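Down below is the structure, laid out as structure tokens.
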Amino acid sequence: MRSTQVCDPVDTIAMASSMPRMSDSRNWFESLPESRRRCLPNCTHDGIYLHVDGRRLVNFASNDYLGLSTHSDICRAAAESIERSGFGSGASRLISGDCPELHELEKELAGWKEYEAALVVGSGMLANLGLLDALADRHTHLFCDRLNHASLVDGARLCRGHVHRFPHLDSASLEKLLGHLEAAQKIIVSDGVFSMDGDTADVFALLKLAETYDALMVIDDAHGTGVIGPQGRGLMAEIGACGHPRVIEVGTFGKALGGYGAFILGTKEMIEGLRQRLRTMIYSTALPPSMPAAALAALRLVQEGELLARLQDNLSNFFHLAEQVDIELLESRTPIQPMLIGDDAAALRASQDLREAGFFVPAIRPPTVPEGTARLRITISAAHNEEQITSLVEALSKVKP
Ligand SMILES: Cc1ncc(COP(=O)(O)O)c(C=O)c1O
Numbered sequence: 190m191r192s193t194q195v196c197d198p199v200d201t202i203a204m205a206s207s208m209p210r211m212s213d214s215r216n217w218f219e220s221l222p223e224s225r226r227r228c229l230p231n232c233t234h235d236g237i238y239l240h241v242d243g244r245r246l247v248n249f250a251s252n253d254y255l256g257l258s259t260h261s262d263i264c265r266a267a268a269e270s271i272e273r274s275g276f277g278s279g280a281s282r283l284i285s286g287d288c289p290e291l292h293e294l295e296k297e298l299a300g301w302k303e304y305e306a307a308l309v310v311g312s313g314m315l316a317n318l319g320l321l322d323a324l325a326d327r328h329t330h331l332f333c334d335r336l337n338h339a340s341l342v343d344g345a346r347l348c349r350g351h352v353h354r355f356p357h358l359d360s361a362s363l364e365k366l367l368g369h370l371e372a373a374q375k376i377i378v379s380d381g382v383f384s385m386d387g388d389t390a391d392v393f394a395l396l397k398l399a400e401t402y403d404a405l406m407v408i409d410d411a412h413g414t415g416v417i418g419p420q421g422r423g424l425m426a427e428i429g430a431c432g433h434p435r436v437i438e439v440g441t442f443g444k445a446l447g448g449y450g451a452f453i454l455g456t457k458e459m460i461e462g463l464r465q466r467l468r469t470m471i472y473s474t475a476l477p478p479s480m481p482a483a484a485l486a487a488l489r490l491v492q493e494g495e496l497l498a499r500l501q502d503n504l505s506n507f508f509h510l511a512e513q514v515d516i517e518l519l520e521s522r523t524p525i526q527p528m529l530i531g532d533d534a535a536a537l538r539a540s541q542d543l544r545e546a547g548f549f550v551p552a553i554r555p556p557t558v559p560e561g562t563a564r565l566r567i568t569i570s571a572a573h574n575e576e577q578i579t580s581l582v583e584a585l586s587k588v589k590p
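As numbered in this note's numbering, the sequence shown has no gaps in its residue numbers, which increase by one up to the final residue, 590.
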């Protein structure tokens, strides 16, 4: 017979009073110091401007590197899709949330990026969590750059594999780690363009190591897609290694492509394997059809090349002006241009001073970046004009350390 244990409320109260008090939902989390608190700025977008706290600021804080998020072709494509198919997808792709736009987009992406196949998923976070979970089991060893994006860090942490972290961009240390381990399955995992530093992985060296040590390579080129390499096809295209059978590439639509969602590229066997196993796609509602419809329009615009040329002009102008007034930036050839401040409170002050001057540039602080490396993360877009860049540099010269 099944016995049901019933707590005597009097005993429970007596027991609780002799134990340290447990937190309830009001004091579960430790409070954070003011300089570490994150706040949601509740801003309204107006092209390259942001309205925050009643002020109109030039936005130098967006990953919309080509200005596509407000492009009329993309907005029209999304609106027409909503007219045709409504808004929500209603279910996971495997049930009834799939749509022709997702398939067309996968075909277009694979063709543009020169991989055999592509799989579109809900977001970059979901792509990386699901991908590492699907690839790794307890026999797998993952070799991860120490500054990888949180989605790769968490993906590695949550999958069943063994995680080894190598110092940022240090291929020699990575080689030592790979050489010391006899593992059945090895995967090198790295950002392409690093989101907080703007520097780039040496994908050529990583791929050589993958070949030498019989490993797979997962490269998340979320910030390289649309802005680096021939036609903006990213870092792997720059070294002519797209479609390599050891490479799985991740990218997102939320950055230079101006929308929302993500994709995984690889061999047709790998993508079919992921279609069967990617829990973050199988058990998550599909993107609304308007998202792939907008992404298709974005891909067409990127391939015209005009926006990328404008971005490159803006970056050259920014470098030139910053050099003239001795602004020291971290080494980066990408639209992510960080100015190191160091101290958290000083970074917040600098960001506030820039706001007063009419610019939105966030202070990025630990734990997003390592201790003592708080910074202003400036992002340049094709949508900025010359005057906005000139005035930003003037304002930066007044807040530089
Ligand atoms: C390198 C990298 N990967 C993945 C992501 C996550 O992408 P998403 O915003 O689509 O979840 C980000 C985004 O912020 C990123 O910087």
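Glycine is no exception: its CB is placed at the ideal position from the N, C-alpha and C atoms. Being a predicted model, the structure only gives us computed values, none of them experimental.
Whole-Å CB distance - residue i paired with residue j, under 8 Å assumed
i	j	result
Val382	Ile417	7 Å
Thr474	Ser278	6 Å
Thr562	Thr389	No, Thr562 and Thr389 are not in contact; Cβ-Cβ is about 18 Å, not under 8 Å.
Thr441	Ala306	Contact doesn't hold; Cβ gap of about 18 Å is too wide.
Ser362	Asp391	Wrong, their Cβ atoms sit about 13 Å apart, outside the cutoff.
Ala323	Gly350	Their Cβ separation, rounded to whole angstroms, is 11 Å, which puts Ala323 and Gly350 out of contact at 8 Å.
Val439	Ala451	7 Å
Leu585	Pro527	The Cβ separation is near 12 Å, so there is no contact.
Arg554	Leu246	About 20 Å; that fails the 8 Å criterion.
Lys365	Tyr402	That belief does not hold up - the Cβ atoms of Lys365 and Tyr402 are roughly 11 Å apart, past 8 Å.
Asp410	Leu396	Going by Cβ atoms, the distance from Asp410 to Leu396 rounds to 13 Å, so no, they are not a contact pair.
Distance CB(residue i)-CB(residue j) smaller than 8 Å
i	j	result
Gly494	Pro590	no
Ala316	Ile453	yes
Thr414	Leu446	yes
Phe507	Val582	yes
Leu467	Leu320	yes
Thr568	Asn337	no
Val588	Asp542	yes
Tyr449	Ser312	yes
Ser505	Tyr254	no
Ser521	Gly387	yes
Ser270	Ser540	no
Ala426	Glu303	yes
Ala482	Ala299	no
Leu294	Ala484	yes
Ser340	Met314	yes
Pro551	Ala345	no
Val241	Phe549	yes
Phe355	Arg327	no
Leu331	Val310	no
Leu497	Gly443	no
Leu463	Leu308	yes
Gly236	Ala572	yes
Tyr238	Asn248	yes
Cys288	Ser274	yes
Ile428	Leu405	no
Leu152	Leu529	Residue 152 lies beyond the residue range present for the chain, which begins at 190 and ends at 590; the question has no answer from this structure.
Leu476	Trp301	no
Leu367	Asp343	no
Ser384	His357	no
Three-state class that DSSP yields for residue i in the structure shown
i	result
Val195	Note that Val195 has pLDDT 49, beneath the 50 cutoff, so the model's placement of it is unreliable and no number is given.
Ala486	helix
Glu520	coil
Val491	helix
His240	strand
Cys333	strand
Ile428	coil
Ala552	strand
Asn317	helix
Phe467	According to the sequence provided, residue 467 is Leu. The question's Phe does not apply to it. Reduced to three states, the DSSP call for Leu467 is coil.
Thr401	helix
Arg566	strand
Ala306	strand
Ile460	helix
Ile578	helix
Pro419	helix
Leu324	helix
Met190	A caution first: Met190 carries a pLDDT of 40, below 50, which makes its placement in the model unreliable, though a value can still be read off. The answer is coil: DSSP assigns Met190 none of H, G, I, E or B.
Ala451	strand
Asp410	coil
Glu560	coil
Leu162	The first residue shown for the chain is 190 and the last is 590, placing residue 162 beyond what the model contains.
Gly440	strand
Which whole runs of the beta strand (DSSP E) in the region 207-294 are 3 residues long or more, in chain order? 233-235, 238-241 and 244-248
Secondary structure, alpha helix (DSSP H): runs of 4+ residues fully inside the region 334-390: 339-347 and 360-369
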